[in-house]
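In the order they appear, the protein sequences are chains Z and D.
Counting along the first sequence from 1, when you hit position 481 you're at 484 in the working numbering, and nothing is skipped either side.
Counting along the second sequence from 1, when you hit position 356 you're at 984 in the working numbering, and nothing is skipped either side.
What follows is a set of notes on a single structure, which appears directly below.
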Amino acid sequence: MDQLLINPNYPHILSTLVFLPLAGAILLLFVKNEFFARYWALGITALTAILSIPLVSAFDTSSAKFQFVEQYNWVDSLNIQYVIGVDGISILLVMLTTFIMPLCVLASWSYIKTRVQTFMICLMIMETAMLGVFMALDFVLFYILWEAMLIPMYLLIGIWGGPRKIYASIKFFLYTLAGSIMLLVGIIWLYKTNNYSFFIPDMMWQSYSLTAQIYLFLAFFLAFAIKVPMFPFHTWLPAAHVEAPTAGSVILASVLLKMGTYGFLRFALPITPEATTLLMPYVLWLSIAGIIYGGFTALAQQDMKKLIAYSSVGHMGFVTLGIFVMNIDGIEGSILQMINHGITTGALFLCVGMIYERTHSRELRSATGVGKYMPIYVTFLTFFSLSSFGFPGTNSFVGEFMILAGAFKHSIPLALAAIPGAVLAAAYMLRMLQKIVWGGTDNPDQSWLKDLNLREIITLCPFLFFVFWIGLGPQPFIDLMHISVINLLDQFHAHQAQAVAAAELILH
Amino acid sequence: MQFLPELTLLGAGLVIFLVSLGKTDTDKIKTVAIWLGAAVLAATLVSSGAQGSLFYDSYKIDLYSQVFKCLIAGAMFVVLILGRKLKDIKNSVHPEYYLFLFISVLGLMMLVSSVELLAIFVALELSSFAVYIMVPMRDDSGNYRFQMEAGIKYLLFGVTATGFMLFGMSYMFGLTGSTQLPVVMEKLSYMYDQPAAIIAIMMVLAGFFYKLALFPFHFWVPDVYEGASNETTAFIASVPKLAAVALLIRIVSMVNGEGQVIVNILMVCAVLSMFYGNLSALVQTDIKRMLGFSGIAHAGFVLLGILTFQLSGYANALYYIIGYVVMNLACFLVICSISKNGENVQISDLNGLHKRSPLLALTLAVALFALAGIPPFVGFMGKFMLLTGALKQGYLFLVILAAINTAIAIFYYLSVVRVTFCSDPDNNSPVVSGIFTNATSIVLLLIIVIMGVAPQGFINFATSAVQSIM
């Protein structure tokens, strides 16, 4: 238990963050007023965001331990504990989640017109589950929240989605569930092997046999690669993104996809280090395939949401690339890029949603040439598009730069193979931007469009703020994760050395 | 005190019988039946601490049997409430319906206490014959007569299974010279190298496989579920399964030593049950048929706990079957409320239920997600513990197959949730559900959630119950 650090000043801060939205959701069950539901959900999610600020201010950046830990016994007969905590890898994701939720509520203010209470209840339950996934240090707790999250997300897509919502929601549910089934078997195997304990930090850096590690890694990989989604497992993503309501798309892109990459960092690397080393090249080249494939498909899309969805496949390819090059630049860049992608892609989905609310179409063709009538809107859109393909001065530039630096350190052909992805990103984003702002001679009549209202501007401003903050001064963010990443890599290399030594001992 | 629940049931049956002799007012009978059900539940709870043995040691009263009696009485009470309108049973046979219901429950309660082969046989037949008659009691107004087909199928398959069981019992008696279950199993344990011993045990278990709807004794399930009235199906799908699990655990827990062959056979039955049930359920349109097939799959999961031959495994199986009965009753509560005149409910009839009755829609969704094994509900905890228990014994392959089944099953549960929540109603007539129904559904919902979130107390309880027969 020496991996845990209890912070006496904030004994219950994490539990408060997790259960506040859940309590809000339960109370909202008894209210039948749509007007109230909106303000209530906004209030609860905003309160959660405010309460999460002390996490950063009191976070000890000189320690790689899990902080703000809370630990209680839950199910004694199976030794399941309720134990939560954050370290440098998860804290930024927790913050991203708490900050993005109030903005999701704002974005659904007028977009959601039917069954508003149910919608807000789903959003708040989602928040509980997502925060819990990033904080859980018990594998069963993690798995329960990981699966429980599917229910509200399924309902978000299935009830308030677009015309093909049934297909999209079921595909999303089946894909994710089927992927994580083997994860469950893996968890139980680890429990049995680790002296009947589900405590995650105790499972890390153990010497499991290589065969077991490979099977475990494959189980992890299937679950997390589907969630990311990595290249051959990505087909649920465009469907889900296109049909989901704006808030659903934002949550999917900003938070849900990060769970896959978070899973790789938290579980795959520390629990199966040797299998990671062995299978690393395949994962890396799959990432490259995802980057290139995502770029080319995004270039061909006529549907704005699909375009951004495919661009997500490419961007998440960069993140997995950074994770599996296994050096400090790569991993720090990936974590930063997770946050960046959450901010930028979330904002882009909000922008598409705002157009959709006006024209009721996501077709690129019907949104051409709005620049003349919606100057504020296109200003925002331009910044987010630039950020999306990593324009210097914006957040993604820092992330992608670090990932590529890491990739060059690892292998030059690999890094060179990723470069076209960056170019493609510029191509499809500029294509979209050009069409929306100027269009051509055959623009539809857009003169009736109203520019953004105050609520929409307020929704987008925080995103813009973080785009430039991370773009121009990323150091505070990197400081938060630095020690944890160094610790992860040190342990990883120590374990490698140990394994090599053991192998040599057997050979001689 | 020791025999109080059974006597109360017998009395309840007699009261109904006496009432039916006079000029019957069906409303009065329904009220009387519910009160009698409550009295039975109270009697079982009062005698839950009883200990002892009756009838020359062929009838054992211990914590284990009393727990099951409480569960059976509780499930029966819920069935009485959700079917209190008896929508699709002819008015003229209402008293008889209740009479047979009580007799069947009496048989099941005697079953969980029986530890002697003939007592087991008599109790099982008592409960079965009553249900054979209840199935064709469905109103024949549509002239489909499919309840007759269901009745005859249930009877024929039941008789076949009983035949197997009797055959097995004759082997047991022949091999050991006794009909006392503890003596029989003790002596059999020296003979596991002989096929006759294995065959005898498996044939006796077949009788309970039939009640639990486990492969290969599951063939009656879809047609009987579809043909019997909704209330009868709710009964068949829940109460007898409790008793069947009780006896399976009681018998298997006495198999000791070299029972590996039995484990292997049970494993095959479990896996085939899961695959057969889940794959067939994928294509159903009638929700009762779908629940029937899903019940076959769940029976396979229950077996997963029993075949570990461990105390914890039996406790998990007990926990799981309780959870299953609660989830199943919640589903049937919704089915019985939706069905206007007691007709069968197609999945498409649930369209837009969220608008017609939010509470029922929520109940159905939670119950189905729980059946599918999605956390944080009881279905997940149960499956998780069963898988953990099986893997502890080293049955990795079995666990993987079971896990794959969870993934298959999600599709058909989800497609029901889809129509209830994600589509607009075809007809806007709200579903009226009385205060009783609403209260019951809230109670069932709470049980599903609480058992899933805080399972420890229930597991301790199940463990101590199973401990009393070890």
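All residues carry an ideal CB built from backbone N, CA and C; glycine is no exception.
Since the model is a prediction, treat every value here as computed from it, not as a measurement.
What does a CB cutoff of less than 6 Å around residue i pick up in its chain, not counting 5 residues either side in sequence?
{"i": "ALA856 (chain D)", "result": "VAL763, ALA778"}
{"i": "ALA52 (chain Z)", "result": "THR101, PHE102, PRO105"}
{"i": "PRO477 (chain Z)", "result": "VAL401"}
{"i": "HIS846 (chain D)", "result": "ILE924"}
{"i": "ALA789 (chain D)", "result": "ALA834, GLY835, TYR838, PHE845"}
{"i": "ILE1036 (chain D)", "result": "ASN906"}
{"i": "PRO956 (chain D)", "result": "What sits at residue 956 (chain D) in the sequence shown is Asn, not Pro. So the list reads ALA865, SER866, once near-sequence residues are dropped."}
Taking the alpha helix (DSSP H) that residue i falls in, what are its first and last residues?
{"i": "VAL759 (chain D)", "result": "745-762"}
{"i": "VAL1077 (chain D)", "result": "1063-1081"}
{"i": "GLU366 (chain Z)", "result": "Careful: GLU366 (chain Z) lies outside any alpha helix (DSSP H) and carries neither H nor E."}
{"i": "TRP43 (chain Z)", "result": "37-54"}
{"i": "THR654 (chain D)", "result": "654-674"}
{"i": "ILE291 (chain Z)", "result": "276-302"}
{"i": "ARG458 (chain Z)", "result": "457-475"}
Could you work out which residues of chain Z lie near residue i, taking near to mean beta carbons separated by less than 8 Å?
{"i": "MET1013 (chain D)", "result": "LEU81"}
{"i": "PRO1083 (chain D)", "result": "VAL78"}
{"i": "PHE1039 (chain D)", "result": "ILE173, LEU177"}
{"i": "LEU1042 (chain D)", "result": "TYR157, ILE173, PHE176, LEU177"}
For the beta strand (DSSP E) containing residue i, name the first residue and the last one.
{"i": "GLY680 (chain D)", "result": "680-682"}
{"i": "VAL72 (chain Z)", "result": "70-78"}
{"i": "TYR687 (chain D)", "result": "687-689"}
With DSSP run on the structure shown, which of helix, strand or coil describes residue i?
{"i": "ILE87 (chain Z)", "result": "strand"}
{"i": "LEU7 (chain Z)", "result": "strand"}
{"i": "GLN808 (chain D)", "result": "strand"}
{"i": "PHE202 (chain Z)", "result": "strand"}
{"i": "SER742 (chain D)", "result": "strand"}
{"i": "ASP914 (chain D)", "result": "strand"}
{"i": "ALA139 (chain Z)", "result": "strand"}
{"i": "GLN449 (chain Z)", "result": "coil"}
{"i": "ILE966 (chain D)", "result": "helix"}
{"i": "ILE717 (chain D)", "result": "strand"}
{"i": "ARG766 (chain D)", "result": "strand"}
{"i": "ASP306 (chain Z)", "result": "strand"}
{"i": "GLN1095 (chain D)", "result": "helix"}
Distance cutoff 8 Å, beta carbons only. Does residue i sit that close to anything in chain Z?
{"i": "ILE657 (chain D)", "result": "no"}
{"i": "THR1034 (chain D)", "result": "yes"}
{"i": "ARG766 (chain D)", "result": "no"}
{"i": "PHE997 (chain D)", "result": "yes"}
{"i": "ILE1087 (chain D)", "result": "yes"}
{"i": "ARG984 (chain D)", "result": "no"}
{"i": "LEU712 (chain D)", "result": "Note that residue 712 (chain D) is Arg in the sequence shown, not Leu. No, ARG712 (chain D) lies away from the interface with chain Z (no Cβ there is under 8 Å from its Cβ)."}
Could you tell me whether any Cβ in chain D is nearer than 8 Å to the Cβ of residue i?
{"i": "ILE154 (chain Z)", "result": "yes"}
{"i": "GLU150 (chain Z)", "result": "yes"}
{"i": "PHE176 (chain Z)", "result": "yes"}
{"i": "LYS168 (chain Z)", "result": "yes"}
{"i": "LYS412 (chain Z)", "result": "no"}
{"i": "LYS195 (chain Z)", "result": "yes"}
To which residues of the same chain is residue i closer than 7 Å at the C-beta, ignoring the five residues directly before and after it?
{"i": "THR936 (chain D)", "result": "GLY1017, ALA1018, GLN1021"}
{"i": "ARG458 (chain Z)", "result": "LEU109, TRP112"}
{"i": "LYS261 (chain Z)", "result": "LEU96, MET341, GLY345"}
{"i": "GLU609 (chain D)", "result": "Since the first and last residues shown for chain D are 629 and 1098, residue 609 (chain D) lies out of range."}
Residues of chain D with CB under 7 Å from residue i, in chain order?
{"i": "TRP192 (chain Z)", "result": "LEU1019"}
{"i": "ILE229 (chain Z)", "result": "Within chain D, no residue comes near ILE229 (chain Z); the closest Cβ sits about 12 Å away, beyond 7 Å."}
{"i": "ALA181 (chain Z)", "result": "ALA1035"}
{"i": "LEU158 (chain Z)", "result": "PHE1049"}
Tell me which same chain residues have a C-beta within less than 8 Å of the C-beta of residue i, skipping the five on either side of it?
{"i": "VAL891 (chain D)", "result": "LEU935, PHE937"}
{"i": "ARG361 (chain Z)", "result": "LEU452, LYS453"}
{"i": "VAL1096 (chain D)", "result": "This sequence places Ser at residue 1096 (chain D); Val is not what is there. Hits under 8 Å: ASP690, LEU691, TYR692."}
List, in order along the chain, the chain D residues whose C-beta lies closer than 8 Å to that of residue i?
{"i": "VAL188 (chain Z)", "result": "LEU1015, LEU1019, LEU1024, VAL1027, ILE1028, ALA1031"}
{"i": "MET233 (chain Z)", "result": "Within chain D, no residue comes near MET233 (chain Z); the closest Cβ sits about 19 Å away, beyond 8 Å."}
{"i": "ILE162 (chain Z)", "result": "PHE1049, CYS1050"}
{"i": "MET185 (chain Z)", "result": "ILE1028, ALA1031"}
For a contact defined as C-beta to C-beta under 7 Å, what are the partners of residue i on chain Z?
{"i": "PRO1003 (chain D)", "result": "ILE147, GLU150, ALA151"}
Quick one: does the C-beta of residue i sit closer than 7 Å to a heavy atom of the ligand ATP?
{"i": "ALA215 (chain Z)", "result": "As far as ligands go, the structure on display features none, and thus does not contain the ligand ATP."}
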